[in-house]
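Peer 1: Using this note's numbering, read the sequence shown as starting at 9 and increasing by one per residue.
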Amino acid sequence: MSNYKTVFFILGILQIILGVSMIFPIITQFIFDELDSSFISASIITITFGTLFLLSNLENDKKLNLQHAFLLTALSWLSVAIFGSLPFIFSELNLSVTDSFFESMSGITTTGSTIITDLNSAPKAILIWRAILQWLGGIGIIVMAITLMPIMNVGGMQLLKVSTSDASEKILPKTKEITIRIIIIYLALTAVCSFFYKIFGMKFFDSLTHSMTTIATGGFSNYNNSIGHFDNVKIEITSMIFIILGSIPFISYIKYLSGNKKIFYTDSQIKSFFKIIFFSIIILFLYLNFADSNIASISLRSVSFNVISILTGTGYVTTNFDSWGNFTLIYFLILMFIGGCAGSTTCGIKIFRVQILYLFLKNQLRRMIYPRGVFVIKYDNNIVNDKFMASIISFIYLYIIIFFIIAALLSLSGLDFTTSISGAATSISNVGPGLGELIGPNGNFSLLPDFSKWVLSLGMILGRLELFAILVLILPSFWQK
9 MSNYKTVFFI
19 LGILQIILGV
29 SMIFPIITQF
39 IFDELDSSFI
49 SASIITITFG
59 TLFLLSNLEN
69 DKKLNLQHAF
79 LLTALSWLSV
89 AIFGSLPFIF
99 SELNLSVTDS
109 FFESMSGITT
119 TGSTIITDLN
129 SAPKAILIWR
139 AILQWLGGIG
149 IIVMAITLMP
159 IMNVGGMQLL
169 KVSTSDASEK
179 ILPKTKEITI
189 RIIIIYLALT
199 AVCSFFYKIF
209 GMKFFDSLTH
219 SMTTIATGGF
229 SNYNNSIGHF
239 DNVKIEITSM
249 IFIILGSIPF
259 ISYIKYLSGN
269 KKIFYTDSQI
279 KSFFKIIFFS
289 IIILFLYLNF
299 ADSNIASISL
309 RSVSFNVISI
319 LTGTGYVTTN
329 FDSWGNFTLI
339 YFLILMFIGG
349 CAGSTTCGIK
359 IFRVQILYLF
369 LKNQLRRMIY
379 PRGVFVIKYD
389 NNIVNDKFMA
399 SIISFIYLYI
409 IIFFIIAALL
419 SLSGLDFTTS
429 ISGAATSISN
439 VGPGLGELIG
449 PNGNFSLLPD
459 FSKWVLSLGM
469 ILGRLELFAI
479 LVLILPSFWQ
489 K
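1. Would you identify the three-state DSSP class for Y231, choosing helix, strand or coil?
2. Between which two residues does the alpha helix (DSSP H) harbouring D458 extend?
3. State the CB to CB distance for the pair G226 and G146, rounded to an integer number of angstroms; the pair is presumed to be in contact (CB under 8 angstroms).
4. Could you tell me the distance, in whole angstroms, from the CA atom of W143 to the CA atom of A196?
5. I want to know whether the stretch 119-136 touches the stretch 95-109 - three or more CB-CB distances under 8 angstroms.
6. Exposed or buried, which one is L60 when buried takes at least 16 other CB atoms within 10 Å?
7. Kindly identify the DSSP beta-bridge partner or partners of Y387.
8. Roughly how far, in whole angstroms, is the beta-carbon of T320 from the beta-carbon of Y295, given that I think they are within contact range, below 8 angstroms?
9. Considering only the alpha carbon of each residue, which of N233, M152 and I414 lies closest to L466?
10. From what residue to what residue does the alpha helix (DSSP H) around Q372 run?
11. Mind listing, in chain order, the continuous alpha helix (DSSP H) runs of no fewer than 4 residues lying wholly within the stretch 203-281?
12. Hey, could you find the ends of the alpha helix (DSSP H) T427 is sitting in?
13. Using the rule of at least 16 other Cβ atoms within 10 Å of the residue's Cβ for burial, across every protein chain shown, is V463 buried or exposed?
14. Give me the Cα-Cα distance between F91 and M376, rounded to the nearest whole angstrom.
15. Provide the residue span of the alpha helix (DSSP H) that contains W332, from first to last.
16. Which term fits E185, buried or exposed, when burial requires 16 or more other beta carbons within 10 angstroms of its beta carbon?
17. What first and last residue would you give for the alpha helix (DSSP H) that runs through V480?
18. Which of helix, strand or coil does DSSP assign to L455?
19. Hey, quick one: how far does the alpha helix (DSSP H) through Q142 stretch, first residue to last?
20. Could you give the distance in angstroms between the alpha-carbon of M113 and the alpha-carbon of I469?
21. Is the beta carbon of L141 closer than 7 angstroms to that of G115?
22. Tell whether a beta-carbon distance below 7 angstroms holds between T119 and N438.
23. Tell me the rounded alpha-carbon separation between R472 and Y261.
24. Contact between the stretch 308-316 and the stretch 235-251: three or more CB pairs below 8 angstroms?
25. Which ranges does the alpha helix (DSSP H) cover as unbroken runs of at least 4 residues, wholly within the stretch 44-68, from first to last along the chain?
26. Got a sec, what are the start and stop residues for the alpha helix (DSSP H) K13 sits in?
27. Would you say the stretch 77-84 touches the stretch 18-32, given that touching needs at least three Cβ pairs under 8 angstroms?
28. Write down the C-beta distance between G442 and S460 rounded to the nearest angstrom, noting that I regard them as a contact closer than 8 angstroms.
29. Shorter than 7 angstroms from the beta carbon of F228 to some beta carbon of chain B?
30. Kindly identify the DSSP beta-bridge partner or partners of L103.
31. Apart from the five residues on each side of it in sequence, which residues of its chain come closer than 6 angstroms, Cβ to Cβ, to K279?
32. Exposed or buried, which one is S104 when buried takes at least 16 other CB atoms within 10 Å?
33. Using DSSP with H/G/I as helix, E/B as strand and the rest coil, what is L72?
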C-alpha cells in the first residue's frame, strides 16, 4: 500500500486555504451589518480539520506519484465541496444538507446551477461565498488540467503536457512553478474584469463577485435574472470578452509570456473555438429571425451572449431562450456537450477532442477508399499515436454513456423528459441552467427531489474531473498498486 501522507498533507493545506477564504464573507457581514456565526463557525471547523490533516501527515520528503495524483484530484474537489457547504448549512437560508452540498458542489465545479430561490434578497456574505467557490474551482481546474491530468493521461489531456518529464515522483516542483504563473494571470484577468464591470455601471460588490464567476466561467450571479438584471450592453460585452478570455487555454498565456507571440493565432483549438462561436451566432440569428415566424425579433446581442455563455458552460443568461424554438434548444444542447478549450476554466467534452475525433473519422474513410494507404493523424504538428487516440475515443464514449445513465436516473425520480435530458447535460458539462420550465433560464433546481440533486452533484464532479479521475478509484486494481 502506498504512503498517502503527501495527499492528505496537500488536502490539509487546501482546507486551511478554504477556511481562511471565509474571512471575506465575514468582512462582508460586517460591512452590510449581517453578522452571524455561520461563517465564523464554518471557518473554525474547516481550519481545524485542515490543520489536523497537515500536522498528522508531515513528511520531509514529499512525493506525489501517479496513484497519489488520481486520489488527490478526487479528494480535493470532494473535500472542498463538503467543507464549502458548511456556511450554507449554518446560514439563515435554512438549507438542508442536500441543498447545501448541491450549491457548494455547483460552485466548486463552476457549474452554476442553484437551489436558492430568491437571490435578490440573499445575504451578501452567501453571495460572495458562492463567487469565491467558483473562483477557487476555476483556478483549481486550470492547475490540475495543466499539471496533473496530462501526467495521468486522462482523456487525451497529455496534449497539455508542458515538459518531457514522465509520470515520476517529481510532480510537485513543476506544479509550484506553473501554479504561481497561473495565479498571477488569473488574478490579473479577474481584476481587469472587475474594473470594467464597475466603470460600466455595476456596484463595487456586484463587479467583484461577477468578475470572479465570469473568469471562472461559472455563472453564479447575485440576481434572479442573472446578467440580464443589469440590461446593459456594455456590461454584456465585457462579460462576453472575459468569458472568452477565461475559456482560452491558460497554457497559451504562459507560452505568450514566454515569447511565443503568435500562439493565439496558431493554436488549432483556439481557432476552432472562435469559429464555433462565429458560425453558431450566425446560424441561430438567421434561424430566429427568418426561419421561425412565430418568434419575435431577436437581437444579435442576445444571441451572441447566450451562445458564448452556453458553449463555455458559464450559464449566465440575459433572456429566456426556452421560447426560441426547438431547433435552438437542440443546438444549445449540442454546444453544452462541446464545451470550451482544454486547460481553461470551461468544461464539456472539449474542442480538441472533437477535432481529433473528426480527424480520426476522416482517416477511417480514407482507409476504406485506399486500403493500402498509410495515414498519420497530426494535431498542431504533433503525431496522434494509437494510445492517445484510444484515450480520446474512450473518453467520449464514456461521456455519452454516463450522460444517458444520469438522464435515466433523473427520470426515475419522476422528472419529465426535457428536464432529465437537459439536467444530465448541464451537470456533466458543468453549464448551469437546463431547459424547460423547472430548471430552465427562468427556473432553478430547488424543486427537484433530493435523489435528483445527489445524482446531479455526482454528474458535476465527474464532468469537472474528466470522468476517469473519479472512476479509476472504484477499480480494486488501483488500490493494489
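The beta-carbon is built from N, C-alpha and C at its ideal position, and this holds for glycine as well.
Peer 2: A quick look at the data gives this:
1. Three-state DSSP puts Y231 in coil, outside helix and strand.
2. D458 to R472
3. Separation of the CB atoms of G226 and G146 is rounded to 6 angstroms, and the pair is thereby assigned contact status at 8 angstroms.
4. 13 angstroms
5. The stretch 119-136 is in contact with the stretch 95-109.
6. exposed
7. Y387 pairs with N390.
8. Not really, about 21 angstroms apart at Cβ, beyond 8 angstroms.
9. It is I414.
10. I359 to I377
11. 212-223, 241-255, 258-265 and 271-274
12. F425 to I436
13. Classification of V463: buried, given that the 10 Å Cβ count is 16 or more.
14. 55 angstroms
15. First-last for W332: undefined, no H or E at that position.
16. Counting Cβ neighbours within 10 Å, E185 comes out exposed, since fewer than 16 surround it.
17. No alpha helix (DSSP H) contains V480, which DSSP labels as neither H nor E.
18. coil
19. K132 to T155
20. 7 angstroms
21. yes
22. yes
23. 22 angstroms
24. yes
25. 46-63
26. K13 to S29
27. yes
28. Not a contact, Cβ separation roughly 11 angstroms.
29. Considering every chain present, this structure includes no chain B. It has just one protein chain.
30. Answer by DSSP bridge pairing: none, since L103 is not bridged.
31. Here K279 has no same chain residue with a Cβ atom under 6 angstroms from its own Cβ, once five neighbours each way along the sequence are excluded.
32. exposed
33. strand
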